[in-house]
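In the working numbering, the protein residues as written are 21 to 288.
Below is one structure, written out as C-alpha cells; comments come after it.
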Amino acid sequence: MSVTDWEGMGIMRLSNRVCLITGAGKGIGAATAKVFAAEGAWVEMGDVDVEAVRQTAEEILLAGGKASWQQVDVTDELSVAKWEQMVMERHDCVDVVFNNAGISAVGELHEVSRELWDRVVAVNLTGVYLVSKAFIPEMMEQRKGVIINMSSCIATSGLLRRAAYAATKGAVLSMTKSMQVDYAPYGIRVNALLPGTIYTPFVEDYLKRAYDNPSVAIAQLKQRQLGGELGTPDDVAYAALYLACDESKYVLGSGLVVDGGVTAGKPF
Ligand SMILES: NC(=O)c1ccc[n+]([C@@H]2O[C@H](COP(=O)([O-])OP(=O)(O)OC[C@H]3O[C@@H](n4cnc5c(N)ncnc54)[C@H](O)[C@@H]3O)[C@@H](O)[C@H]2O)c1
21 MSVTDWEGMG IMRLSNRVCL ITGAGKGIGA ATAKVFAAEG AWVEMGDVDV EAVRQTAEEI
81 LLAGGKASWQ QVDVTDELSV AKWEQMVMER HDCVDVVFNN AGISAVGELH EVSRELWDRV
141 VAVNLTGVYL VSKAFIPEMM EQRKGVIINM SSCIATSGLL RRAAYAATKG AVLSMTKSMQ
201 VDYAPYGIRV NALLPGTIYT PFVEDYLKRA YDNPSVAIAQ LKQRQLGGEL GTPDDVAYAA
261 LYLACDESKY VLGSGLVVDG GVTAGKPF
C-alpha cells in the first residue's frame, strides 16, 4: 500500500506524532517510515547510508508526508548526539523511537572474526543502547513515549551459522524487557519486534553472496515458512505501526513475532 492510498481515509493513527526510525534508508526501516508518514507522523529518519535515506525521505515528501533525514551512525555517540540535537530543534516532543538499524553476521562462531563480532555487536546492540539513551530523557520528561527495538525470531530459536547475530538479537529482546520495567513508571512503552525472513536488501545481499543460485535458496527458505512465503518489509512495518500507536497501549515489554510461522513449528 502506498502513502497516497491512505490519504483522505481519515485513519490517521500517528497524527502529528514525531517518530524516529534508524536504518530508514532501506528495507524494513524505509517501509516503516512510509507507513508511519501515511498515518500522519512526522518521520525523523536516520541512516548511515545518506543517499538511501535522502531518497526515502524524498519519496515521502513527494507523496505529501512529513519527513526529515539525517546521516546517523548508531554506533557513534557523537553522531547520535548531533541527531538528537537536530530533532529537538525541530520538535518539542518525541513520540516514537524505532531502533531498527542492523547488520548481519554469518558464520559458525569459530569462523566469525573479532572484527565482525565487534561490528555486529556495535550496530545491533550498542546502537540500540546509544539511540535509546539519547532520547529517553525527553520521553521521561514528557512522561510518555514508545520505544520499539528490532530483535529477530532468532532470539528465541537457533539458526545455522548465525550465533553472533543471534547473540545481539537475544540481547536486544532481554534488554527490551528490563527497559520496560525501568520506564513503565514514566508512561513509556518498550517492545521488541521479532521478524522471520523478510525479503529486503539485507537478505538479498546475503543470498547473492552465499549461494551460486539464489533462486534455489529462496525456494528453500519459502519451504521453511508455514505460510509458504517470505515476509515483506510491509509485514513488519504494520507490526511496528501497531506497537507505535495507541491501539497497543496495553502491550508492554513484549516481543511481537512476525515470522510466517517459522518458530511455531516445522512444516515437515
Ligand atoms: N530482513 C530480515 O529477514 C530480518 C529478520 C529479522 C530481523 N531483521 C532486522 O531488521 C532490521 C532491518 O533489516 P533490513 O532487512 O531492513 O536491513 P537492510 O539492510 O535492508 O536495511 C538496514 C538499514 O540500516 C542501515 N544501517 C546499517 N548500519 C547502520 C548504522 N551503523 N547506523 C545507521 N544505520 C545503519 C543500512 O544502511 C540500511 O539502510 C535489522 O536490525 C535486522 O537485523 C531483519
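For each residue, glycine too, the CB sits at the ideal point set by N, CA and C.
Self-check item: Cα-Cα separation, Val38 to Phe288
Solution: So the alpha carbons of these two residues sit roughly 45 angstroms apart.
Quiz prompt | Assigned secondary structure, Met159 (DSSP; H/G/I helix, E/B strand, else coil) | solution = Note: Met159 maps to helix in three-state DSSP.
Quiz item: Between which two residues does the alpha helix (DSSP H) harbouring Glu224 extend?
Solution: For Glu224, the uninterrupted alpha helix (DSSP H) segment begins and ends at Pro221 to Ala230.
Self-check item: For Phe118 and Glu224, the rounded distance between their alpha carbons
Solution: Straight-line Cα distance between these residues: approximately 23 angstroms.
Quiz item: Does the beta-carbon distance from Asn120 to Thr188 come in below 9 angstroms?
Solution: Going by C-beta atoms, Asn120 is not nearer than 9 angstroms to Thr188.
Quiz item: In the DSSP assignment, what are the bridge partners of Glu64?
Solution: Glu64 is bridged to Leu40 and Ser88.
Quiz prompt | Neighbourhood of Gly165 by C-beta distance below 6 angstroms, restricted to the same chain and skipping five residues each side | solution = Answer for Gly165: Met159 and Ile208, listed in chain order.
Self-check item: Residues bridged to Phe118 (per DSSP)
Solution: Phe118 is bridged by DSSP to Ile41 and Ile168.
Self-check item: Ser88: CB within 8 angstroms of a non-hydrogen atom of ligand 1
Solution: Not one heavy atom of ligand 1 is found less than 8 angstroms from the C-beta of Ser88.
Quiz item: What span of residues does the alpha helix (DSSP H) with Pro253 cover, start to end?
Solution: Annotation for Pro253: the continuous alpha helix (DSSP H) segment containing it runs Pro253 to Ala264.
Quiz item: To the nearest angstrom, how far is it from the Cα of Tyr270 to the Cα of Tyr231?
Solution: Looking at the two C-alpha atoms, the distance is approximately 43 angstroms.
Quiz item: In angstroms, rounded to a whole number, what distance separates the CA positions of Arg33 and Thr42?
Solution: Per the coordinates, the alpha-carbon of Arg33 lies some 20 angstroms from the alpha-carbon of Thr42.
Quiz item: Would you say the beta carbon of Gly248 comes nearer than 8 angstroms to a heavy atom of ligand 1?
Solution: Result no, Cβ not under 8 angstroms from ligand 1.
Self-check item: Whole-number beta carbon distance between Gly280 and Leu246, since they are thought to touch under 8 angstroms
Solution: Leu246 to Gly280, Cβ: 6 angstroms. Contact.
Quiz prompt | Any 3 or more C-beta pairs closer than 8 angstroms across the stretch 239-259 and the stretch 132-147 | solution = They do not touch, by the three-pair rule.
Self-check item: CB contact flag (Val73, Met65, <9 angstroms)
Solution: Judged by beta-carbon spacing, Met65 lies within the 9 angstroms limit of Val73, meaning their Cβ atoms are closer than that value.
Quiz item: Ala77 to Gly49, Cα distance in whole Å?
Solution: Taking the Cα positions, Ala77 is about 11 angstroms away from Gly49.
Self-check item: Beta-carbon spacing of Leu150, Thr95 below 9 angstroms
Solution: Taking 9 angstroms as the Cβ cut-off, Leu150 and Thr95 qualify as a contacting pair.
Quiz item: Where does Ala58 land, buried or exposed, given buried means 16+ other C-beta within 10 angstroms?
Solution: Counting the other CB atoms within 10 Å of its CB gives Ala58 a total of 16 or more, which places it among the buried residues.
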